[in-house]
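2 protein chains.
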Amino acid sequence: MKQRIYINDVAVRDGFQIEKNFIPTETKIALIDALSETGLAKIEVTSFVHPKLVPNMADAVEILANINRVKGVTYSVLIPNLKGMERAIETHKTRGKVDEINVFLSASETHNRANVNRTCDQSFEDFAIMIKMAKDAGIRMMGIVATAFGCPFEGHVPEERVLGFAKRYVDLGFDGVTLGDTTGMANPAQVERISAALVQQCPNVEHTLHFHNTRGMGLANVVAGIRAGIVSYDGSLAGLGGCPFAPGATGNICTEDTVNMLEDMGYDTGVDLDKLLAAAVKMPAIVGHEVTGQVMRAGKTMHLHAVPDKLYTQ
Amino acid sequence: MKQRIYINDVAVRDGFQIEKNFIPTETKIALIDALSETGLAKIEVTSFVHPKLVPNMADAVEILANINRVKGVTYSVLIPNLKGMERAIETHKTRGKVDEINVFLSASETHNRANVNRTCDQSFEDFAIMIKMAKDAGIRMMGIVATAFGCPFEGHVPEERVLGFAKRYVDLGFDGVTLGDTTGMANPAQVERISAALVQQCPNVEHTLHFHNTRGMGLANVVAGIRAGIVSYDGSLAGLGGCPFAPGATGNICTEDTVNMLEDMGYDTGVDLDKLLAAAVKMPAIVGHEVTGQVMRAGKTMHLHAVPDKLYTQ
């Protein structure tokens, strides 16, 4: 019996949010619909940020109103603040169902201030209101601790601080906690240590890890997280996404590369890798630039080749 | 006391051998000399292949004659056949010392035939002659098992076959065995399993793992190898190298990305990452194209940034 690992895709939100050109709403919907057929556990389909700040998310309502929902797939949205929460709940009630809401703060006080103009305590004051709104509407709530493995401004982030925020989410009644490696600073030793502590301290909620491959450690960190008992991972189709501080740097871990590795290792991701790759190869045309996915270039691990006529090394 | 991990760089051989433009000999020598100052354990400086087949290796003798050797660094060369062995020994005696010779066969019969036009048994007949030549000349010998984790023609490669070849090297008197993931098919579960078996079956020689990052699993495989007790890893500066079957696919694991991860994890690589990065950033100009190294783009993990004036998410 293979161990099940749950794979979530965030490309349409985390990837598209930094794209300069507006991705047409129908393109986003077609992509989400294709992803829905692959066996992914969750798809983060949009965010309710201010459309002037993140123009690519301006069509949040239209997306939720028009995607084809597949049974068994959780459709989630990201919410930055109370205003976004109100829009999400309103959309959920009138235009299109929201299964799950992700809210976030940064473990680093400096990063939280820069990102959402709040102290961490102020963020949790908002979360206390949001969780009530979500529960009233019957929507699951996940709490993200961003910069959980390091902050690009402060550097080291104390582990007890990360675990403390996770516990505050749980104490408020959140259904799950996500640790986010926002700028790719996590290493496998650290991931295994913090993840094991998270599982131990917050045993009765979902745990998700969200890695970036900024310094090449992304898939190594997934393996480390699994060793610690965490079974849910965010990836981004074709490796879409980026790092605000390093132009050209790699972004989120690539969903199909993650699935390829985990299936090779003998895990059951529930994902049809061929369908996922068929969606991934369309991404360069959608965003108008190259992407970092590697399996889409090299082929699946057991994609075999004809023996060449010409000897190629000597 | 930190655990020591030994890092070897193969960019000048494994990276440059597939470059279409000839890299000037003085450029190669300057790069090797820079690498010698970084704390790397070994540098593979050239190969004695036929210069018509691999034009970039035509200056093997000049390189060995002119590099500045640093005490404690092992300078190795790759040898494909007896003719190359003769040239290496002659060079060692008359022009420039060779510390260590790497010879190779593929665990897959089909790949070995395509690569060196030999059956695996024929390869070992040659190795029996080569090891005697090397011992007479006082040169260490390392035996590489290529396609040890999968063959692009045959697919699955039986583990007992890989371990059998490793043992044949050891029985011939080789000083070490390298398992090579020639086309990036290895996954961490497999690496940990085979590496543990190698350490157990061949306890009294050096063990080295040589990974490619073709499908993004390279650094995860390094972590898996260390878990199995292997402490020596090949990397390629700036991630130089490639895959003959997938144009644009990633090649060898990137040396400086590997060092960055291992130092973050608390290992002692003995390498000065700043010096390594200073050499790596010159690589795009040397080869005339982009490279896949990620730390050179994003900065070391603890490379911190000023807090931006403008909030960047909302």
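As you go down the protein sequences, you meet chains R and H in turn. Start counting the first sequence at 2; every next residue gets the next number (this note's numbering). Start counting the second sequence at 2; every next residue gets the next number (this note's numbering). From the three backbone atoms N, C-alpha and C, an ideal C-beta is built for every residue, glycine too.
Interface annotation, R/Gln295: in contact with chain H, CB-CB separation under 8 Å. If one requires a minimum length of 4 residues, the alpha helix (DSSP H) runs lying completely within the region 237–311 of chain R are 256–265, 274–281, 284–288 and 296–299, in chain order. Burial is judged here by how many other beta carbons sit within 10 angstroms of a residue's own beta carbon; H/Asp137 has fewer than 16 and is exposed.
Those residues of the region 234–254 of chain R placed with their C-beta closer than 9 Å to a C-beta in chain H are Gly240, Cys244, Pro245, Phe246, Ala247, Pro248, Gly249, Ala250, Thr251 and Ile254, ordered along the chain. Judged by beta-carbon spacing, H/Asn57 lies within the 8 Å limit of H/Phe17, meaning their Cβ atoms are closer than that value. When secondary structure is reduced to three states using DSSP, R/Val223 falls in the helix class. Between R/Ile102 and R/Ile68, the CB-CB gap reaches or exceeds 8 Å. By the C-beta density criterion, H/Val272 is buried, having at least 16 other C-beta atoms within 10 angstroms. If you ignore the 5 residues before and after R/Ser196, its C-beta comes within less than 6 Å of the C-beta of Gly226, Ala229 and Ile231, all in its own chain and listed in chain order. Counting C-beta atoms within 10 angstroms of its own C-beta, H/Val163 has 16 or more neighbours from the protein chains shown and is therefore classed as buried.
At a cut-off of 8 Å between beta carbons, R/Met218 contacts chain H. By the CB criterion at 8 Å, H/Leu220 and H/Thr183 fall outside the cutoff. For H/Thr39, no beta strand (DSSP E) encloses it, and the DSSP letter there is neither H nor E.
Only exposed fits H/Gln4, as fewer than 16 other CB atoms lie within 10 angstroms of its CB. H/Val224 belongs to the set of residues whose beta carbon lies under 8 Å from a beta carbon in chain R.
A direct Cα-to-Cα measurement between R/Glu45 and R/Val74 gives close to 10 Å.
The beta carbon of H/Pro159 sits no closer than 8 Å to any beta carbon of chain R.
Identification of residues in the region 285–310 of chain R having a C-beta nearer than 7 Å to some C-beta of chain H yields Gln295, Val296, Arg298, Ala299, Gly300, Thr302, Met303, Leu305, His306, Val308 and Pro309, given in sequence order.
Separation of H/Gly156 and R/Met303 (C-alpha to C-alpha, rounded to the nearest whole angstrom) is 6 Å. When Cβ pairs closer than 8 Å are counted between the two stretches, the region 207–215 of chain R is seen not to touch the region 268–282 of chain R, the count staying below three. Shown in chain order are the members of the region 134–163 of chain H whose Cβ falls below 9 Å from a Cβ of chain R: Gly151, Cys152, Pro153, Phe154, Glu155, Gly156 and His157.
Every alpha helix (DSSP H) of 4 residues or more that sits fully in the region 118–166 of chain H is shown, in chain order, as 121–138.
Between H/Val71 and H/Glu38, the CB-CB gap stays under 8 Å.
When Cβ-Cβ separations below 8 Å define contact, H/Met266 makes contact with chain R.
Think of a sphere of 7 Å around the beta carbon of H/Thr95: no beta carbon from chain R falls inside it, the nearest being about 24 Å out.
Close CB contacts of H/Ala35 within its chain, under the 6 Å cut and outside five residues either way in sequence, are with Ala280 (chain order).
Note on H/Arg194: under 16 other CB atoms within 10 angstroms of its CB, so exposed under the neighbour-count rule. Non-local C-beta neighbours of R/Ser124 in its own chain, meaning closer than 7 Å and more than five positions away in sequence, comprise Leu106, Asn113 and Val117, ordered along the chain. C-alpha of R/Asp60 to C-alpha of R/Asp100: approximately 18 Å in a straight line.
For H/Arg5, the beta-bridge partners assigned by DSSP are H/Asp269. The C-alpha of R/Ala167 is placed about 56 Å away from the C-alpha of H/Cys121. Going by DSSP, H/Leu83 is part of the alpha helix (DSSP H) stretching over Leu83 to Thr95.
When 8 Å is used as the limit between beta carbons, R/Met262 is near these residues of chain H: Asn188, Pro189, Arg216, Gly217, Met218 and Ala221, in chain order.
Here R/Lys29 carries a helix assignment [DSSP, helix/strand/coil]. Judged by DSSP in its simplified three-state form, R/Phe49 adopts coil rather than helix or strand. Within its own chain, the residues whose Cβ lies closer than 6 Å to the Cβ of H/Arg141, once the five positions on either side in sequence are excluded, are Glu101 and Asp176, listed in chain order.
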